[in-house]
Each structure stands twice: as C-alpha cells, then as structure tokens.
Amino acid sequence: MARCFWCSDDPLYMAYHDQEWGVPLRDAHGLFELLLLEGFQAGLSWFTVLKKREHYRKVMFGFDVQRLAVMSDAEIEGLLQDPGIIRNRLKVTGARRNAQAWLALEDPVAFLWSFVGGKPKINHFTEREEFPAVTPEAEAMSKALKKAGFTFVGPTICYAFMQASGMVMDHATYCDRYAELASGG
1129 MARCFWCSDD PLYMAYHDQE WGVPLRDAHG LFELLLLEGF QAGLSWFTVL KKREHYRKVM
1189 FGFDVQRLAV MSDAEIEGLL QDPGIIRNRL KVTGARRNAQ AWLALEDPVA FLWSFVGGKP
1249 KINHFTEREE FPAVTPEAEA MSKALKKAGF TFVGPTICYA FMQASGMVMD HATYCDRYAE
1309 LASGG
C-alpha cells in the first residue's frame, strides 16, 4: 500500500494512517479526545502520543469531558507521577481547563467544523514542501479556541487537529487513501 511520506513502517502508525487520519470525524467525544492529544503532542512527535494513547484513555477517564472538567488537583498530581503519559504540568492541567472550555461551547462539533465551512477541505498535495504547517483556517480556529478558554491550541496544533479529524484531507495524492477520501468515501 502506498502511504503518505510521514507514515513509518510501524504497525501502529500504519493502522492510524490507514484507518483514522484524515477520515471526517463528527463525534464530539472523538473530537475532544483528539484535540487533547494534539495538545499533548506539542513539541513532540505524534507517534510519541499515539503510543501512549491507550494509557491516556485509561488514566484520563476515557476522555470523559464531564469527568475531566472536575478533575481535582490531587488527581492532576497523581497523573504527573505516571510515566505512561507526557508529564508536563501545563499540559495535564490544560486537559482540565480544556474540558471546562469544551463544556461551555454550545455545539462543539458544529463550532469546530465551522472553520472549514462544515465539510472537509480537500487538498491535492504531492510533494512534502506543499503541505502547510498552518493555514488561515487553523489560525482562526486557534484564535477562537483561545478566546473560548482553551490552551495548547496554537495554529500548528489546530492544523494538525484539522488534518487528523478529516476537516482537511491532506493525504498525499499518491497515497492509496487519497482517492477514497477525496471522493467523500
């Protein structure tokens, strides 16, 4: 199978590329989880977070937004001792803050998808240099999320989130996933 240039030959990474990345996601729980994980990825590789995702699900209450929003300081301190996650205090406390901000949004799914007009933006890139790290849509999303009280939602994180959640379809044109996802499949 032809895959995007960024996909390694690790089975976990290949499965993520083949089954999840770039597939339009409109489930509130899934979008919330992905937004938090993208924030944990800041400054690191996505593969680092992907390898820890199952453990994050276990220790962060299955990414239950209601539960994370009321996480106690003691629970945060406990998480900061867990070697199975990225133990960055700002990121861990940011998970609670982001859960609170998420709950304050009237319709988080519609809000997030509004930055691409409610439907996936299909790009037609082939060369690595063509893929942007930031777009005007990602900058607008970042600004709106920050205004709503979110943290770890800079424009680069927002663009990665948009790619991963299928708001932007950035599989390379040579990738076997490109044709199916570009046609709305």
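If you're matching positions, the sequence shown starts at 1129 in my numbering and goes up one per residue. C-beta: ideal position from N, C-alpha, C; glycine also. Values in this document were obtained by computation on a predicted structure and should not be read as measured data.
Buried or exposed for residue i, please, with buried defined as at least 16 other CB atoms from any protein chain shown within 10 angstroms of its CB.
i, result
"Leu1172", "exposed"
"Ser1311", "exposed"
"His1157", "exposed"
"His1145", "buried"
"Leu1207", "buried"
"Ala1307", "exposed"
Of the choices the options, whose alpha-carbon is the least far from that of residue i?
i, options, result
"Thr1221", "Ala1261, Phe1168, Val1177 and Lys1271", "Phe1168"
"Gly1245", "Ala1143, Thr1301 and Met1290", "Met1290"
"Ala1170", "Arg1256, Ile1285, Glu1308 and Arg1215", "Ile1285"
"Gly1315", "Phe1259, Leu1309, Arg1256 and Val1187", "Residue 1315 lies beyond the residue range present for the chain, which begins at 1129 and ends at 1313; the question has no answer from this structure."
"Gln1281", "Phe1160, Met1129 and His1145", "It should be noted that the sequence gives Val, not Gln, for residue 1281. It is Phe1160."
"Arg1225", "Ala1292, Arg1305 and Leu1273", "Leu1273"
"His1339", "Met1297, Thr1263 and Pro1152", "No statement about residue 1339 is possible, as the shown extent of the chain runs from 1129 to 1313 and does not include it."
I need the boundaries of the alpha helix (DSSP H) containing residue i, first residue and last residue.
i, result
"Thr1176", "Trp1174 to Val1187"
"Phe1243", "It is not in any alpha helix (DSSP H) - Phe1243 carries neither H nor E in the DSSP assignment."
"Ala1202", "Asp1201 to Leu1207"
"Tyr1141", "Pro1139 to Gln1147"
"Ala1314", "With the chain running from 1129 to 1313 in the structure shown, residue 1314 is simply not present."
"Met1269", "Pro1264 to Lys1275"
"Arg1195", "Val1193 to Ala1197"
"Glu1166", "Ala1156 to Gln1169"
"Ala1307", "Asp1304 to Ala1310"
"Phe1289", "Pro1283 to Ala1292"
So, for residue i: in the same chain, excluding its five sequence neighbours on each side, which residues have a beta-carbon less than 7 Å away from its beta-carbon?
i, result
"Arg1195", "Phe1189"
"Glu1267", "Pro1283"
Excluding sequence positions up to five away, which residues of its chain have a Cβ less than 6 Å from the Cβ of residue i?
i, result
"Glu1166", "Ile1285, Ala1288 and Phe1289"
"Gly1277", "Ala1229"
Is it the case that the CB of residue i approaches a heavy atom of the ligand PLP more closely than 7 Å?
i, result
"Leu1309", "As far as ligands go, the structure on display features none, and thus does not contain the ligand PLP."
Using a Cβ-Cβ cut-off of 8 Å (strictly less than) and excluding sequence neighbours within five positions of residue i, which residues of its own chain qualify?
i, result
"Arg1154", "Val1237 and Trp1241"
"Pro1260", "Tyr1287"
Would you be able to state if there are at least three C-beta pairs under 8 Å between the segment 1292-1301 and the segment 1225-1239?
no
Taking 8 Å as the threshold, find out whether the segment 1187-1206 comes into contact with the segment 1133-1145 through three or more Cβ pairs.
No: fewer than three Cβ pairs fall under 8 Å.
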